[in-house]
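What follows is one structure encoded as structure tokens, with my remarks underneath.
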Amino acid sequence: MALQRGLESEVVRIVECCRTLNQAKQVHAHIYRNNLEQCSYVITKLLRFVTSLTQVPLHSYPRLLFAQVHNPNPFLWTAFIRAYALRGPLSQALRLFCSMRKRRISPVSFTFSALFSASGAARDTLLGAQLHAQTLLLGGFDSDIYVNNAMIDMYVKCGFMRCARKVFDEMPERDVVSWTELIVAYARRGDMKAAQDLFDGLHVKDMVAWTAMVTGYAQNAMPKDAVEVFRRLLDEGVEIDEVTLVGVISACAQLGASVYAKWIRDIAESSGFGPGSSVLVGSALIDMYSKCGNVEEAYNVFKGMRERNVFSYSSMIVGFAIHGRVHAAIKLFYDMLETEVKPNHVTFVGVLTACTHAGLVDLGQQLFATMEKCYGVAPTAELYACMADLLGRAGYLEKVIRLVETMPMKPDGAVWGALLGASYVHGNPDVAEIASKHLFELEPDNLGNYLLLSNTYASVGRWDDVSRVRKCIREKNLKKDPGWSWVEAKNGMIHKFAAGDLKHPQINEIKKELNELLERLKGIGYIPNLSSVLYDVNDDEKKLLLMAHSEKLALAFGLLSTDAGSTIKIMKNLRICKDCHIVMCGASRLTGRKIVVRDNTRFHHFLNGACSCRNFW
DNA sequence: ATAGGGTTAG
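Take the first sequence: its letters are residues 1 to 617, numbered as in the UniProt record's numbering.
Quick look at the structure:
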């Protein structure tokens, strides 16, 4: 007996060396020669290997392996069921499970965890619940930690949070995996409060649990909290890996400040996950640098990567596009086509955005038309929105309407929003009415849409319509998002300004600097652009309101607080207005400074009186 | 055996 066991484990060790199907078949012959072909243990190992080869159909050789054992034990059954559970069809996995039950063979916990995982992946709630009932009927499984964890995962994937929570609350013993599964589930639903409460109650936090919190905050647009959690994780001496880094890098990208960028880059490099060694970290850094206004450094990271994937290319293309480096974006796209890396729909979002910013309608249309046939990328709603923006901004409003009518999915807010924006730019209230009618249904509380419609009316002097829309805004009690701007001082400190904000300690100096700048600008022909004011007030009041725009305050502070010759970096939460854009152009000429403004969608690089967007935004 | 993963328009 002992001799037999020794032989079994020796053969199993040989099985574990298999790398190809042919090798597996040779080992199988060896198994025959040693009379081990009925041994479930050995065959289970071999079956696990051959079912991991995705090119081998399960009904061919694997099925033969399984069928030749007369009395397969639960582990062999499970290995075969698991293969179908993972690779499908799920119905076949169930059929096998039923035969196993008919033969009165008891499943093991692994059998259930495989089936739960498959029903979760298939979002098959009914099946999941039936299997849950089975575990209760059979008994003994309700205390099994693997089975319970798999059940939590299944309910979470199917969207049944309360069932998942009930399993969690009632299981006699939980491990860090059970906790993390729920933390992630709450974070994905946007409930960071619940996630944080659970996390606080977890006593043995490991790297994965910490990472789930960092990523959760980053994904819910709470970058400061993400960075805060990451700092605490470092303080506690928890190990980090590339997944942890990606979460916090994404948070730093949202913060958009150079100090955070430098801080996390150093940490990434010193922990051995620099862009040279990790595609994941490298791609995240590309996105971060471009969102921090440093597209050159983004490109340096890109060039320094040993391996590049679709995320690296897409992030870089999008980066070039939002910085107005249109030709760099398009060139990189064509370079990418020469590599093994296949573009996806985000790649096309990037290259189409680049076309939009340069008004390259023909190229954009051609790419959009051939995208699916040549590159296997099916058009998504986002891509239709890009096309609506491309055509609309170039003035082809009817083409956008035709595009919307023919798109295979229901047009979303982005598509109608692009059309409304284009109607405003081209002063077409009739089309603006069509777009806003849909937008008011899809996004009833989005003030921006009402303002765009109202301003489109105003631009052609339809004042009755203007007051009608304004009345509607009042009735709905919609409030304008306060405009904020941030600017980096010399030491990397971030200073925040609201429109008309007088609370800054250096406000008097700032006002003086701004007034002087505006006077000098008037000397070279600057006239305040009163149509940038969205309020119905007299011209003097409009001039005052314009002067108080947060980006102008930020600009003045930037001029005061940074060295002559250095770049001024401003971030803002709303779209930059025409008047501020004119002022930034002029200021870059008068002061010789480079000014970079990140508004809510893209970057403007002002240098020597011109903007990288060529006044087209 | 089970948990954490980056790029997206107006």
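The beta-carbon is built from N, C-alpha and C at its ideal position, and this holds for glycine as well.
Per DSSP, Val-533 lies in no alpha helix (DSSP H) segment and is marked neither H nor E. A contact is defined here as three or more CB-CB pairs under 8 Å, and the segment 409-429 fails this definition with respect to the segment 365-378. The C-beta of Ser-52 has fewer than 16 other C-beta atoms within 10 Å across all chains shown, which makes the residue exposed.
The Cβ-Cβ distance between Arg-308 and Val-341 falls below 8 Å. Listed as beta-bridge partners of Phe-606 by DSSP are Ile-595, Cys-611.
Beta-bridge partners of Trp-484 (DSSP): Ala-498. Here Ala-209 is near Ile-183, since their CB atoms are less than 8 Å apart. For Ile-249, the secondary structure class from DSSP, reduced to helix, strand or coil, is helix.
Spatial neighbours of Ala-610 in its own chain (CB-CB distance under 7 Å, excluding positions within 5 residues in sequence) are listed in chain order as Cys-585.
Going by beta carbons, Val-11 and Leu-47 fall outside the 8 Å limit. Taking all protein chains in view, the Cβ of Pro-343 is crowded by 16 or more other Cβ atoms within 10 Å, so the residue is classified as buried. Ala-435 places its beta carbon 8 Å or farther from that of Trp-463. One Cα belongs to Lys-542, the other to Arg-162, and the distance between them is close to 54 Å. Under the criterion of beta carbons closer than 8 Å, Ala-185 and Val-156 qualify as touching, at roughly 4 Å. Spanning the alpha carbons of Asp-175 and Ile-145 requires a straight line of approximately 8 Å.
The alpha helix (DSSP H) runs lying completely inside the segment 91-124 and spanning 4 residues or more are 109-121, given in chain order. Inter-segment contact for the segment 512-519 and the segment 575-582 is absent: fewer than three beta-carbon pairs are separated by less than 8 Å.
Straight-line measurement puts the Cα of Ser-143 at about 6 Å from the Cα of Pro-172. Here Phe-603 is buried. Its C-beta has 16 or more other C-beta atoms within 10 Å. Nearest neighbour of Pro-223 by Cα position, chosen from Gly-247, Arg-63, Gly-159, Glu-296, turns out to be Gly-247.
Between the beta-carbon of Leu-131 and that of Phe-116 there is about 6 Å, and that keeps the pair under the 8 Å contact cut. Under the three-state reduction of DSSP, Lys-25 is assigned to helix. Excluding residues up to 5 positions away in sequence, Ile-286, Met-316 lie with their Cβ nearer than 6 Å to the Cβ of Phe-302 in the same chain. Between the segment 449-460 and the segment 488-497, the count of C-beta pairs closer than 8 Å stays below three; the two stretches do not touch.
Under DSSP, Lys-572 forms a beta bridge with Ser-485.
Ranked by how close their Cα comes to the Cα of Ala-257, the residues Trp-77, Ser-271, Val-227, Pro-505 have Val-227 in first place.
In its chain, beyond the 5 residues on either side, Val-400, Ala-418, Leu-419, Ala-422 have a beta carbon closer than 6 Å to the beta carbon of Gly-392.
In summary, Ala-564 is exposed, with fewer than 16 beta-carbon neighbours lying within 10 Å of its beta-carbon over all protein chains present. Taking 8 Å as the cut-off, the Cβ atoms of Leu-555 and Asp-501 do not count as close. Put simply, the backbone Cα of Asp-225 is about 16 Å away from that of Ala-261.
In the three-state scheme derived from DSSP, where H, G and I count as helix and E and B as strand, Asn-538 is classed as coil. At least 8 Å separates the beta-carbon of Ser-550 from that of Ala-587.
By the 16-neighbour rule on beta-carbons within 10 angstroms, Asn-149 is buried.
An exposed status is given to Ala-67, since fewer than 16 other beta-carbon atoms sit within 10 Å of its beta-carbon.
The beta carbon of Tyr-424 sits closer than 7 Å to those of Ala-432, Leu-452, Asn-455, Thr-456, all from its chain and outside the five residues before and after it, given in chain order. A Cβ-Cβ separation of about 11 Å leaves Val-596 out of contact with Gly-324 under the 8 Å criterion.
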